[in-house]
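**Q** Before we start, here is the structure in question, set down as structure tokens.
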Amino acid sequence: MNAAKPSKNTPANSSAQASGAQASGAQVSGAQVPFHFQVDEVYARNHNELLRDTARMRNSGIALGMVLIIGAIACYVLVSSPAWSWGLAVGLATFGIVSIIVGLTVPKKVGGPQALYDRYPLAPAVVVEVNARDLVIMALVNTCTDPAAPAEWGLALRTISKLPKHPAKLGTNLPVAAVSGRRDMGDQAHWTEISPMPIAWGTPDPAVVKEAADAIPKKQWNLLSQNRRRYEEVKETPYNLLRL
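Numbering of the sequence shown is given in the UniProt record's numbering, commencing with residue 1 and proceeding in unit increments.
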């Protein structure tokens, strides 16, 4: 799941000037913080932008598939050369069917709102950029694919349009779920893309959001604060994920 590339703007200033801002993640305990809460399904479908992105992918895949299949039929009927029309029609129809299948399977892989929040660990995040129509959040995430392995921390960015239950201003802390997206064939031990998903997208209850924030170890919040100035570096990475 590809996060939108954040627009470049003035970076947020860090209030913490502690030494060791690039400290090793292995020194921070509580790498995988599980947190389970009752997701408001209707609220989540209206506010969770990751679910909305998935729905758009589904609709786009189905629409493209239908267009290709219609094109295949038109080709077969209208093109005068039988050899050309048959080959082109088969090619278009094949791509159309594949596109529809992808569109239908993507939402099933992602899952519903409750399953999505249950599947991924908690992570601390902070607002690092505020623009006219969107804002950028940066999370401290464990880049290891094996949750039992020692943590190897990274910084992950996501551009979002709304942040309910939180003030949309620089330095606002918020709990998120760290949604892992992809990994390279040459390095199966680390994620190359992780997308922060605010807990506030899953519940209208501010008490649940606060409980999630309190469940994250203070050392993780501190490490995130120490690295806030590095978000411009994160923006230069291919998938908005910088390993510390």
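Heads up, the beta-carbon is just placed ideally off N, CA and C, and yes, glycines get one too.
1) Is the Cβ-Cβ distance between residue 120 and residue 179 less than 8 Å?
2) Expressed to the nearest angstrom, what Euclidean distance is found between the alpha-carbon atoms of residue 51 and residue 118?
3) Apart from the five residues on each side of it in sequence, which residues of its chain come closer than 7 Å, Cβ to Cβ, to residue 39?
4) Taking only runs of the beta strand (DSSP E) that begin and end inside the region 69 to 145, which ones reach a length of at least 3 residues, in chain order?
5) If you follow the alpha helix (DSSP H) that residue 225 is part of, which residue opens it and which one closes it?
6) Taking buried to mean at least 16 other C-beta atoms within 10 Å of its own C-beta, is residue 233 buried or exposed?
7) Could you tell me which of 195, 214, 210 and 229 sits nearest to residue 239, measuring between CA atoms?
8) Can you tell me whether DSSP reads residue 47 as helix, strand or coil?
**A** To lay it out plainly:
1) yes
2) 14 Å
3) 113, 114, 117, 202 and 203
4) 122 to 130 and 135 to 142
5) 218 to 226
6) exposed
7) 195
8) helix
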